[in-house]
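A.B. asks:
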Amino acid sequence: MDLTTSAQVIGFFIWLFFITAGTFTLLFLVSMIPFWMSMAVLNRFSPKMAEKVSTWIIEF
């Protein structure tokens, strides 16, 4: 089954969008997991300090 060149180009950009979105989503999750874990540990031992860190991040 042959597709026209314009259909192939459109399909390529749709494919590229999904690959890029998935890649950035994975990179975001992989980079955030250690942060979430460290915040959970900090919150367990020092909730007041964890609240300060959260405030710093929000204000930044």
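Position one of the sequence shown corresponds to residue 0 (numbering that gives the first Met the number 0), numbered consecutively onward. Virtual Cβ for every residue (Gly too), placed ideally from N, Cα, C.
(1) Residue 48: beta carbon under 7 angstroms from a heavy atom of the ligand ATP?
(2) Would a C-beta distance cut-off of 8 angstroms place residue 36 and residue 52 closer than the cut-off?
(3) Does DSSP put residue 3 in a helix, a strand or coil?
C.D. replies: The answer reads as follows:
(1) In the structure shown, the ligand ATP is absent, as is every other ligand, since no ligand is present at all.
(2) no
(3) coil
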